[in-house]
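Asks: FYI, in this note's numbering the residues of the sequence shown are 19 to 290.
Just so it is clear, CB atoms sit at the ideal spot from N, CA and C, and this is done for glycine as well.
Note that the structure is a prediction, hence the values are computed from the model and not measured.
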Amino acid sequence: MTLHQWAWQLRALAPIAQEKRRALNAANSLTREAGLDRERANRGRVAAPPQPMAARRMRRNGRPLPAWLRGSSPAVLSRLRGAVLVRPGFLSAAEEDTLSRELEPELRRRRYEYDHWDAAIHGFRETEKSRWSQASRAILQRVQAAAFSPGQTLLSSVHVLDLDARGYIKPHVDSVKFCGDTIAGLSLLSTSVMRLVHTQEPGHWLELLLEPGSLYILRDSARYDFSHEILRDEESFFGERRIPRSRRISVICRSLPEGPGPGEPPQPPPAC
Ligand code: OGA
Ligand code: MN
Numbered sequence: 019m020t021l022h023q024w025a026w027q028l029r030a031l032a033p034i035a036q037e038k039r040r041a042l043n044a045a046n047s048l049t050r051e052a053g054l055d056r057e058r059a060n061r062g063r064v065a066a067p068p069q070p071m072a073a074r075r076m077r078r079n080g081r082p083l084p085a086w087l088r089g090s091s092p093a094v095l096s097r098l099r100g101a102v103l104v105r106p107g108f109l110s111a112a113e114e115d116t117l118s119r120e121l122e123p124e125l126r127r128r129r130y131e132y133d134h135w136d137a138a139i140h141g142f143r144e145t146e147k148s149r150w151s152q153a154s155r156a157i158l159q160r161v162q163a164a165a166f167s168p169g170q171t172l173l174s175s176v177h178v179l180d181l182d183a184r185g186y187i188k189p190h191v192d193s194v195k196f197c198g199d200t201i202a203g204l205s206l207l208s209t210s211v212m213r214l215v216h217t218q219e220p221g222h223w224l225e226l227l228l229e230p231g232s233l234y235i236l237r238d239s240a241r242y243d244f245s246h247e248i249l250r251d252e253e254s255f256f257g258e259r260r261i262p263r264s265r266r267i268s269v270i271c272r273s274l275p276e277g278p279g280p281g282e283p284p285q286p287p288p289a290c
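1) With respect to the alpha helix (DSSP H) encompassing Ser243, which residues constitute its N-terminal and C-terminal limits?
2) To the nearest angstrom, how far is the alpha carbon of Ser210 from that of Gly169?
3) To the nearest angstrom, how far is it from the Cα of Gly221 to the Cα of Leu172?
4) Can you tell me whether Ser273 is buried or exposed? The criterion is at least 16 other CB atoms within 10 Å of its CB, across all chains shown.
5) Look at the alpha carbon of Ser245 and the alpha carbon of Val178, and state the distance between them as a whole number of angstroms.
6) Return the CA-CA distance between Gln162 and Asp136, expressed in angstroms with no decimal places.
7) Are the beta-carbon atoms belonging to Pro230 and Ser254 less than 8 Å from one another?
8) Helix, strand or coil, according to DSSP, for Glu276 in the structure here?
9) Using only the alpha-carbon positions, how far apart do Ser175 and Arg129 sit?
10) DSSP puts Ala202 in a beta bridge; with which residues?
11) Counting only runs that start and end within the segment 130 to 181, where is the alpha helix (DSSP H) found for 4 or more residues in a row?
12) Could you name the residues of the same chain whose beta carbon sits closer than 6 Å to that of Ile248, not counting the 5 residues immediately before and after it, in chain order?
13) Run through DSSP, which three-state label would Pro262 get?
14) Three or more C-beta pairs under 8 Å: does that hold for the segment 133 to 153 against the segment 235 to 245?
15) Can you say whether Val191 is buried or exposed, counting buried as having 16 or more other CB atoms within 10 angstroms of its CB?
16) Can you give me the C-alpha to C-alpha distance between Ser96 and Asp199, rounded to a whole angstrom?
17) Please classify Pro189 as buried or exposed, where buried requires at least 16 neighbouring CB atoms within 10 angstroms.
18) Whose C-alpha, out of Leu87, Leu117 and Ser151, is nearest the C-alpha of Leu103?
19) Is Arg250 near ligand 2, judged by its Cβ being under 7 Å from some heavy atom?
20) Less than 8 Å separating the beta-carbons of Arg81 and Pro92?
21) Work out the CA separation of Leu158 and Glu131 for me, nearest whole Å.
22) Taking Cβ positions, are Val269 and Leu125 nearer each other than 8 Å?
23) Mind checking whether Ser232 and Pro84 have CB atoms under 8 Å apart?
24) For Ala101, which of helix, strand or coil comes out of DSSP?
25) Check the C-beta distance from Leu227 over to Val94 and give it rounded, since I have them as a contact under 8 Å.
Here it is as structure tokens:
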């Protein structure tokens with residue numbers, strides 16, 4: 019299977035009803051407009067006090083939320099406890115540099131794709147990489163130890179996705195044919211916002227703030243029952259906070275799907 023075919027099949031666009039999606043977007047843009055108005059009103063004031071953010075007030079099991087997490091309700095936050103994790107500063111500056119330097123020449127050989135209105139990703143280039151320098155292998159081993167249990171087998175190649183400043187990822191669920199129950203991603207270069215929306219109940223959502231050098235982990239329910247997306251620059255807000263998006267590279271490790279059950283067709287080779 020070519021990389022292109024694999025990429026198409028990896029991302030099944032989540033079956034989110036159009037109206038529900040529109041309602042969600044309208045609600046989000048209202049919050050954003052309110053945020054922008056506040057920003058405008060504050061401009062010119064000396065040392066405006068920071069606005070209390072909804073995320074700060076929301077608590078999970080009596081504890082304030084970590085700075086990287088927002089959610090639609092305490093219920094969805096506790097439901098996904100353990101299924102979603104972000105570790106800001108997982109990479110040192112030197113490690114970020116190691117990965118970017120190694121990836122840049124390979125990515126530069128490819129062209130960004132903007133083509134198809136229906137594709138899950140817009141403004142991107144990507145590669146599947148299985149040969150890494152020793153320094154990068156050490157980083158990927160740290161990712162494996164942090165995100166996967168010793169019994170889990172990983173896809174043998176790592177997915178590298180380069181979104182340009184206008185690039186974004188639409189809501190989708192990774193195909194269960196090609197990806198098991200855990201997805202772990204390193205973010206490089208630009209901060210971005212990942213939104214997770216329940217595929218059946220779009221009012222239930224989480225947002226993750228992904229800074230360069232951070233590692234995110236999605237597993238189990240977060241991976242199967244929620245779509246994930248990376249917001250485009252114009253929509254890139256974390257609550258009221260504007261998160262400008264520039265070029266972003268992600269390095270994504272996935273577990274292999276469980277073996278085929280009796281009577282099911284065999285799985286594709288691990289490298290896909
Ligand atoms: C994907 C995807 C997320 C990321 O390629 O399927 O969801 O962090 N990528 O780039
Ligand atoms: Mn995905």
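Replies: Short version:
1) The displayed chain sequence assigns Asp, not Ser, to residue 243. Premise fails: Asp243 is in no alpha helix (DSSP H) and is neither H nor E.
2) 31 Å
3) 32 Å
4) buried
5) 20 Å
6) 33 Å
7) no
8) coil
9) 21 Å
10) Ile235 and Cys271
11) 152 to 165
12) Tyr186, Ile187, Ser210 and Met212
13) coil
14) no
15) buried
16) 19 Å
17) buried
18) Leu87
19) no
20) no
21) 27 Å
22) no
23) no
24) coil
25) That pair is no contact at about 17 Å.
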